[in-house]
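What follows is one structure encoded as structure tokens, with my remarks underneath.
There are 2 protein chains.
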Amino acid sequence: MQTGVTVSPPTVQNSTAKTVISVDAMGGDLGVAVVIGGMARAATKNPDMHFIVHGDEPTITPLLAKRKVLNNRVQVRHTDDVVDMHDRPSHVMRNGKGTSMWSSLEAVRQKEASVAVSCGNTGALMALSMIRLRKAQGVKRPAIAILWPSLNPQGFNVMLDVGADIRADAQDLKVFALMGASYARNGLGLERPRIGLLNVGTEDHKGKPELHEANDIIAEDAKTNGFEYVGFVEGGDIPSDKVDVIVTDGFTGNVALKTGEGTASLIGLRMRQAFTRNILARISALFALRNLRYLRHKIDPRQVNGGVFLGLNGTVIKSHGAADATGVEAAIRLAFQLAQLGFTEKLAARVASGLQNRQDDDEASSDMAAEPDK
Amino acid sequence: MQTGVTVSPPTVQNSTAKTVISVDAMGGDLGVAVVIGGMARAATKNPDMHFIVHGDEPTITPLLAKRKVLNNRVQVRHTDDVVDMHDRPSHVMRNGKGTSMWSSLEAVRQKEASVAVSCGNTGALMALSMIRLRKAQGVKRPAIAILWPSLNPQGFNVMLDVGADIRADAQDLKVFALMGASYARNGLGLERPRIGLLNVGTEDHKGKPELHEANDIIAEDAKTNGFEYVGFVEGGDIPSDKVDVIVTDGFTGNVALKTGEGTASLIGLRMRQAFTRNILARISALFALRNLRYLRHKIDPRQVNGGVFLGLNGTVIKSHGAADATGVEAAIRLAFQLAQLGFTEKLAARVASGLQNRQDDDEASSDMAAEPDK
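Note that the protein sequences, when read in sequence, are chains A and B. Numbering-wise (the working numbering), the first sequence opens with residue 20 and increments by one. Numbering-wise (the working numbering), the second sequence opens with residue 20 and increments by one.
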């Protein structure tokens, strides 16, 4: 299995082992400059990183010219249209052909790049990804996976689905477990990730019927599939060190994600108030500055910007709409890492093998599962 | 409508306008002493507060003797059994008759007290409450409501259901809206609470079919029911000032609650690490002590301890199993407030009136709705 898609787009010179990322420059709340800024930061640390950038060429080219580090590493594809934050997915599916989002996915579809990054409208991006890249074999529902700050040594846990689809049956949850394990292996470097299924209690009798069924089928061949299954976990375990990957349906996952973000924002605000409410508080804040900076670094959501769409023929990273250059940089570095590891192909192999194991329970069908995906 | 249940239990002298709270002394993680300690603290501030306490008499009586403020204000009801944290609700329903939990609910059933407080097993407490107190008219699914720290002037929002039942159809969600509004009015003093329905987006087309139906039926007579309906809200809005009451099913609500708690714990831990990781950090923490204390006070979960069971013939407050005396005090003060306001009766009237409005849409049926419940 190759460890990265190597292509030679026309404007990139001396291509030998380049990794090309397809970037939708439009659609972010903070404009094109922030996207180009994030690309430049990420590129500084990775000389093999190349880009195809999609959007308004007259806006993009002058911004690129200011960034020496991007010289000869970027191909620009002009598009006239942009997907708006408020466009309905159904509208974009019918009318999205001339948009930068569509074009950025097309580069992945044509194998010119192996990962696409966009700050645009999540619903539209998922809808377009489904019709342009198509679902990988065995995947009925793709999922969006995110990294969640946690007490684990790797600093983050994976949670999926956080909003690709509001539904998931037991079989979908099984596929989420396989995909989540593959992402944790490739994205976080965990050889044998621990998977948990989100529920309202850890006892076997708790929760909805589809969760009981999923509990059984995820457990049954966890070992063959290269992960450890810890059973049901609760909301409080999402940031814990009891589990590496939290599997749930997209409705529950989305609510949990936004609740976590909302709680963190509220505490952040209260902390700022505590350290600025009067002169004395402000003075003591000066003494605590190093501590506060350390804390901010530890819980900075910009460091883990990027929801990854899993289960498509190609990997798509949704960067936060309000991401600044640091956020875009994080999303692009993640894209680069996954592209270099040949993640799309590894994930597809894992899902196929995981479902195969189940169908041919008694047969010696572990040839695919035995193939290491890291 | 009376503003408190006044009873004269045998050992309480000079009863005139007493408010009696039924307290399950057993089942908390930290033991009986913490429960009695919480009672004493709450009683100090409220001379009209009286108790019936249920549990192991030989343990309870010496603890009461140490608290002068509780003199002649407590009746003890001995029980031999305790509901364990790990007992299954179905087991407790069959075998719970001799437990302190059962006895504490019995006092409410017999109208000796109007609110019961217990630190015991949530599932068992809800199951026993359902069979002993029975559901209020028009309520198919009771709900557990909690207070969530928020940016609103009142400092908290109400969320329900956080785990009475994993399911809720559109009609249940409508009843939750009515009950949540009544609780916000009586518990938080909001005359016209703003109700939101938890979803994965605020646009009308987002989310599950039952949410669309609920969205319509909650909106249709919000004004008559004394609340404002703000439509769909997201997880990030739970601690916001956009809404006062968040309505959701018990599965989603429970995950959201525990996710919020888990996120807050993680940030708390990181903050302690930031201020203790080395000598310099510890010294600056000394300078920041006042700020850190202010912050802790602002986000201390013990200040809002107590999930309230709504929709039964009697109000039951579930205090956190791990609550310390401050936590128990908060639960008891909430119980006292609700008892004094005659909350159980007001809530029942609100639900009946809200459902009545719906059935007799064209009739002039606002006589009950017009009755002020605060």
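For each residue, glycine too, the CB sits at the ideal point set by N, CA and C.
- prompt: Taking Cβ-Cβ distances shorter than 7 Å, what residues in chain B pair up with phenylalanine 355 of chain A?
  reply: Within the first sequence, residue 355 of chain A is the residue found at index 336, counting from 1. Within chain B, no residue comes near phenylalanine 355 of chain A; the closest Cβ sits about 28 Å away, beyond 7 Å.
task: Use the C-beta contact count for proline 212 of chain B: other C-beta atoms within 10 angstroms, 16 or more gives buried, fewer gives exposed.
output: Numbered from 1 along the second sequence, position 193 holds the residue referred to as residue 212 of chain B. Buried: at least 16 other Cβ atoms inside 10 Å.
message: Less than 7 Å between C-beta atoms, sequence neighbours within five positions excluded: which residues of the same chain meet that for leucine 314 of chain A?
response: Reading the first sequence from its first residue, position 295 is the one you call residue 314 of chain A. Excluding sequence neighbours, leucine 314 of chain A sits near nothing in its chain.
task: Determine which residues of the segment 168-192 of chain B have a Cβ less than 9 Å from any Cβ of chain A, and write them out in chain order.
output: Pro168, Ser169, Leu170, Gly182, Ile185 and Arg186
Where alanine 162 of chain B falls: helix, strand or coil (DSSP): Residue mapping note: residue 162 of chain B aligns to position 143 of the second sequence, counting from 1. Here alanine 162 of chain B sits in strand by DSSP.
Three-state secondary structure (DSSP) of threonine 38 of chain B: Walking along the second sequence from the start, residue 38 of chain B turns up at place 19. The answer is strand: DSSP assigns threonine 38 of chain B an E or B state.
task: Taking only the alpha-carbon atoms, compute the straight-line gap between aspartate 381 of chain B and lysine 87 of chain B and give it to the nearest angstrom.
output: To locate residue 381 of chain B, count along the second sequence from 1; it is residue 362. To locate residue 87 of chain B, count along the second sequence from 1; it is residue 68. Only weak support is given to the placement of aspartate 381 of chain B: the predicted model assigns it a pLDDT of 41, under 50, and the value that follows is read from those uncertain coordinates. The alpha-carbon atoms of aspartate 381 of chain B and lysine 87 of chain B are separated by roughly 59 Å.
- prompt: In this structure, does DSSP put leucine 360 of chain A in helix, strand or coil?
  reply: For the purposes of this step, residue 360 of chain A is taken as the residue at position 341 of the first sequence. Of the three classes helix, strand and coil, the one that applies to leucine 360 of chain A here is coil, per DSSP.
message: Strictly under 7 Å for the Cβ-Cβ distance: is arginine 213 of chain A near chain B by that measure?
response: Within the first sequence, the letter at position 194 stands for residue 213 of chain A. So, not an interface residue.
Three-pair Cβ contact test at 8 Å for the segment 347-367 of chain B versus the segment 111-125 of chain B: no
task: Just grab the DSSP bridge partners of serine 137 of chain B for me.
output: Here the question's residue 137 of chain B lines up with position 118 in the second sequence. Note: serine 137 of chain B sits in a beta bridge opposite B:Asp43 and B:Lys337.
Which of helix, strand or coil DSSP assigns to phenylalanine 355 of chain B: As a first step, residue 355 of chain B is located in the second sequence; it is residue number 336 there, counting from the start. Phenylalanine 355 of chain B falls in the helix class under three-state DSSP.
- prompt: Within the chosen definition, does the segment 264-276 of chain A reach the segment 170-177 of chain A through at least 3 CB pairs nearer than 8 Å?
  reply: yes
message: Distance check for phenylalanine 328 of chain B and serine 201 of chain B, CA to CA, integer angstroms please.
response: The residue labelled residue 201 of chain B in the question sits at position 182 within the second sequence. The residue labelled residue 328 of chain B in the question sits at position 309 within the second sequence. Rounded to whole angstroms, serine 201 of chain B to phenylalanine 328 of chain B spans 13 Å at the Cα level.
query: Considering only C-alpha positions, which residue in the set A:Leu374, A:Thr271 and A:Asp100 is nearest to aspartate 240 of chain A?
result: Within the first sequence, the letter at position 221 stands for residue 240 of chain A. Taking only the C-alpha atoms, the option nearest aspartate 240 of chain A is A:Leu374.
task: Measuring alpha carbon to alpha carbon, tell me which of A:Gly142, A:Lys130, A:Leu82 and A:Asp260 ends up nearest histidine 339 of chain A.
output: Taking the first residue of the first sequence as position 1, residue 339 of chain A is located at position 320. When only C-alpha atoms are compared, the closest one is A:Gly142.
task: Would you check if the segment 150-163 of chain B and the segment 179-193 of chain B touch, i.e. whether three or more CB-CB distances between them fall below 8 Å?
output: yes
task: Tell me whether glycine 477 of chain A sits in a helix, a strand or coil according to DSSP, three-state version.
output: Look at the range of chain A in this structure, 20 to 393, and you will see that residue 477 of chain A is not part of it.
- prompt: Using the C-alpha atoms, what's the distance from aspartate 43 of chain B back to serine 133 of chain B?
  reply: The residue given as residue 133 of chain B occupies position 114 in the second sequence. The residue given as residue 43 of chain B occupies position 24 in the second sequence. Straight-line Cα distance between these residues: approximately 14 Å.
query: Out of B:Val274, B:Ile286 and B:Lys159, which has the shortest C-alpha to C-alpha gap to glycine 254 of chain B?
result: For the purposes of this step, residue 254 of chain B is taken as residue 235 along the second sequence, with counting starting at 1. Selected option, being the one with the closest Cα: B:Val274.
message: Using the three-state DSSP reduction, which class does lysine 193 of chain A fall into: helix, strand or coil?
response: Indexing the first sequence from 1 puts residue 193 of chain A at position 174. Lysine 193 of chain A falls in the helix class under three-state DSSP.
message: Please identify the residue among A:Gly333, A:Met45, A:Arg204 and A:Lys365 whose C-alpha is closest to the C-alpha of isoleucine 79 of chain A.
response: Locating residue 79 of chain A in the first sequence gives position 60, where the first residue counts as 1. For the residues A:Gly333, A:Met45, A:Arg204 and A:Lys365, the minimum Cα distance to isoleucine 79 of chain A belongs to A:Met45.
query: Using 7 Å as the limit for Cβ to Cβ distance, is arginine 113 of chain B near chain A?
result: Here residue 113 of chain B corresponds to residue number 94 of the second sequence, with the count starting at 1. Not an interface residue.
- prompt: At which residues does the alpha helix (DSSP H) containing isoleucine 265 of chain B begin and terminate?
  reply: Taking the second sequence and counting its residues from 1, the one referred to as residue 265 of chain B is at position 246. Where isoleucine 265 of chain B is concerned, there is no enclosing alpha helix (DSSP H), although the beta strand (DSSP E) it sits in stretches over 264-266.
message: Suppose the cutoff is 8 Å on Cβ atoms and the five residues either side in sequence are ignored; what does the same chain contact list for threonine 63 of chain A look like?
response: Translated into the one-based positions of the first sequence, residue 63 of chain A becomes position 44. The residues are Val88.
- prompt: CB of arginine 315 of chain A to nearest heavy atom of the ligand FMN: below 6 Å?
  reply: In the structure shown, the ligand FMN is absent, as is every other ligand, since no ligand is present at all.
message: Which residues in chain A have a C-beta closer than 8 Å to the C-beta of phenylalanine 270 of chain B? List them in chain order.
response: As a working mapping, residue 270 of chain B is identified with position 251 in the second sequence. Result: Val219, Gly226, Lys227 and Thr271.
- prompt: Sorted by chain position, which residues of the same chain lie with C-beta nearer than 7 Å to valine 370 of chain B's C-beta, five sequence neighbours on each side aside?
  reply: Numbered from 1 along the second sequence, position 351 holds the residue referred to as residue 370 of chain B. Closer than 7 Å at Cβ, skipping near neighbours: Ala155, Gly157, Val158, Val194, Leu197 and Met198.
- request: State the CB to CB distance for the pair valine 252 of chain A and isoleucine 185 of chain B, rounded to an integer number of angstroms; the pair is presumed to be in contact (CB under 8 Å).
  value: Position 233 of the first sequence, counting from 1, holds the residue named residue 252 of chain A. Position 166 of the second sequence, counting from 1, holds the residue named residue 185 of chain B. Not confirmed; about 16 Å, so no contact.
query: Quick one: is serine 15 of chain A near chain B, going by C-beta distance under 7 Å?
result: Nothing about residue 15 of chain A can be reported from this structure: the residues present for chain A run from 20 to 393 only.
message: DSSP has lysine 154 of chain B in a bridge; who is on the other side?
response: Reading the second sequence from its first residue, position 135 is the one you call residue 154 of chain B. According to DSSP, which records beta bridges pairwise, lysine 154 of chain B is partnered with B:Leu331.
query: How about valine 95 of chain B: is its C-beta nearer than 7 Å to some C-beta of chain A?
result: As a first step, residue 95 of chain B must be located in the second sequence, where it is residue number 76. No, valine 95 of chain B does not count as interfacial toward chain A.
Among A:Lys85, A:Gly215, A:Ile150 and A:Glu131, the one whose alpha carbon lies nearest that of glycine 115 of chain A: Your numbering for residue 115 of chain A matches position 96 in the first sequence. The shortest Cα separation from glycine 115 of chain A among A:Lys85, A:Gly215, A:Ile150 and A:Glu131 belongs to A:Ile150.
message: Beta-carbon within less than 7 Å of threonine 271 of chain B's beta-carbon, same chain only, minus the 5 sequence neighbours each way: which residues are those?
response: In the second sequence, the residue the question calls residue 271 of chain B occupies position 252. So the list reads Leu217, once near-sequence residues are dropped.
- request: Anything in chain B within Cβ reach of valine 396 of chain A, meaning under 8 Å, just list it in chain order.
  value: Outside the displayed span of chain A (20 to 393) sits residue 396 of chain A, for which this structure offers no information.
Interface partners of alanine 275 of chain A on chain B, CB under 8 Å: Locating residue 275 of chain A in the first sequence gives position 256, where the first residue counts as 1. Neighbours of alanine 275 of chain A on chain B, chain order: Gly254, Val274, Ala275 and Thr278.
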